Amino acid sequence: AVLQIELSGEAEYLQFLKEYNLTDGPLRADTLIIKKEPGYRVQKNIGRIFRRFNIVEYKNPWESLTVRTYYQAVSYASVLQSRTEREDAVLPEDITLTLVGNHYPRKLFRFLKKFYGARVEQAFPGIYYVEGAVFPTQVIIQKELPGEENVWMSRLRQDLEMEADVPALAMAYRGKEENPLYSEAMDLIVTANWELYKESEKMCNALNELFAEKMERERVKGLTEGEKRGLAEGERKGRAEGEQKGRGLSVLALLEELGQIPSSLREKIMSQQDANVLTDWLKAAAAASSLEDFRKAAKL
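Residue numbers for the sequence shown follow my numbering, beginning at 7 and rising by one.
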């Protein structure tokens, strides 16, 4: 989603195939981008290297790009080239590899230089071209990308800074909340930075705005599950009990991120009938950094 947003200005020239199946089995690339017009040159910094077929592999913000990552992408490209009816239908020079990660891959670059005699050059800030390997390759280091040009991709990491990153994200997201592409991208960023939400004392209005949607989704999810359980217990209890159980489930969902919840604490939360108390507990759970912090704030 983030890559598609970054290249949205040239979307008419590109076709995005997510989790593209290369075989009838489980072999699939994270994303395959096909240039609709082979002669068109993508202007965006992350797409300048693109040729006709472009395989993209991502790593989670906490993972590193490795030699295995590279060979995995090479295998995808090889399968793509070999499964054509004509040998020259897809030439090696028609394919590029893009590896996206958050950490500079020193071991990978050292390996490529040693075993392939490859040259690694920084083409743009945060974008490194590898020449002389099996396929034309670029490595994108997200945290090194310019925040102005790559608003979304540069911020898909775990260490967002409130002043430098959050206002720009809030501005880029405003008005696009209902767009599935932007919603998916924001969910990835929010999930990667969930711990920031708990730093409530340092939180600015912009951060509240970003994380409010995730909180609401958690609340609604809890409400839905609570309603189902309430209805299963009988129409007599109705929607009110469903909402109370939903709030309780939302509190438990947040606390589970802090560790194993004692059964006694779980029972107290799920037996609470006061909606206002449950709402207070939900806020306390979001702000807590440990179960003990929550107990003190909730007076349990």
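Note that CB positions come from ideal geometry on N, CA and C, so glycine has one too. A quick note: this is a predicted structure, and the numbers were derived from the prediction, not measured.
With DSSP as the reference, label residue 257 as helix, strand or coil. In the structure shown, residue 257 falls within a helical segment according to DSSP collapsed to helix, strand and coil.
Exposed or buried, residue 45, counting other C-beta atoms within 10 Å across all chains shown (16 or more means buried)? Exposed, since its Cβ has fewer than 16 Cβ neighbours within 10 Å.
Work out the CA separation of residue 123 and residue 42 for me, nearest whole Å. Spanning the alpha carbons of residue 42 and residue 123 requires a straight line of approximately 33 Å.
Excluding the five sequence neighbours on either side, which residues of its own chain have a C-beta within less than 8 Å of the C-beta of residue 72, listed in chain order? Excluding residues within five positions, the ones whose Cβ falls inside 8 Å are 111, 113 and 114.
For residue 294, three-class secondary structure by DSSP: Coil.
Since residue 137 sits in a beta bridge, which residues does DSSP pair it with? In the DSSP output, where bridge partners are listed per residue, residue 137 has 125.
Helix or strand or just coil, what does DSSP make of residue 1? Examination of residue 1 is not possible in this model, given that the chain is present from 7 through 306 alone.
Proximal residues to residue 174 (C-beta, below 7 Å), its chain only, five neighbours per side dropped: 153 and 157.
At a threshold of 7 Å, does residue 52 count as lining the ligand ATP (C-beta to nearest heavy atom)? The ligand ATP is not among the ligands present in this structure, which contains no ligands whatsoever.
How would you write the range of the alpha helix (DSSP H) that residue 75 sits in, first residue to last? Judged by DSSP secondary structure, residue 75 falls within the alpha helix (DSSP H) whose first and last residues are 73-88.
Do you know how far the Cα of residue 287 is from the Cα of residue 299? When rounded, the distance between both Cα atoms is 11 Å.
Beta-bridge pairing of residue 60 - partner residues as DSSP gives them: In the DSSP output, where bridge partners are listed per residue, residue 60 has 39 and 102.
Assuming residue 10 is part of the beta strand (DSSP E), what are its boundary residues? Looking at the DSSP string, residue 10 is not in any beta strand (DSSP E); the run it does join, the alpha helix (DSSP H), is 8-12.
Our contact map puts residue 133 next to residue 195 with C-beta atoms below 8 Å; I'd like the distance itself, whole angstroms only. The beta-carbon distance between residue 133 and residue 195, rounded to whole angstroms, is 20 Å. This is too long to meet the 8 Å contact definition.
Pick out whichever of 19, 35, 39 and 55 has its Cα sitting closest to the Cα of residue 9. Of the candidates 19, 35, 39 and 55, the one whose C-alpha sits nearest the C-alpha of residue 9 is 39.
Apart from the five residues on each side of it in sequence, which residues of its chain come closer than 7 Å, Cβ to Cβ, to residue 11? These residues qualify, in order along the chain: 158, 187, 188 and 191.
Out of curiosity, what's the CA-to-CA distance linking residue 135 and residue 104? Using only the alpha carbons, I get a separation of about 9 Å.
Could you name the residues that DSSP lists as bridge partners for residue 267? Residue 267 is not bridged to any residue.
Which term fits residue 37, buried or exposed, when burial requires 16 or more other beta carbons within 10 angstroms of its beta carbon? Burial check for residue 37: the Cβ neighbour count within 10 Å reaches 16 or more, so the residue is buried.
Quick one: is residue 256 buried, meaning 16 or more other Cβ sit within 10 Å of its Cβ, or exposed? Buried, since its Cβ has 16 or more Cβ neighbours within 10 Å.
Report the residue from 76, 107, 126 and 121 whose alpha carbon sits nearest the alpha carbon of residue 161. Checked all of 76, 107, 126 and 121; the closest Cα to residue 161 is 107.
Which of helix, strand or coil does DSSP assign to residue 181? DSSP places residue 181 outside both helix and strand once states are collapsed to three, so it counts as coil.
Looking only at its chain, what residues have a beta carbon closer than 6 Å to the beta carbon of residue 87, apart from the 5 residues adjacent to it on each side? 96.
Need the endpoints of the beta strand (DSSP E) that residue 144 sits in, please. Residues 143-147.
Can you check whether the CB of residue 128 is closer than 8 Å to the CB of residue 374? Coverage of the chain is limited to positions 7 through 306, which leaves residue 374 absent and any answer about it impossible.
In chain order, what residues of the same chain lie with their CB nearer than 7 Å to the CB of residue 296, ignoring the 5 residues before and after it? Hits under 7 Å: 264.
So, at 6 Å on beta carbons, what are the nonlocal neighbours of residue 80 in its own chain, with the 5 sequence-adjacent residues on each side left out? 140, listed in sequence order.
Report the rounded CA-to-CA distance for residue 56 versus residue 102, giving the unit in angstroms. Going from the Cα of residue 56 to the Cα of residue 102 covers about 6 Å.
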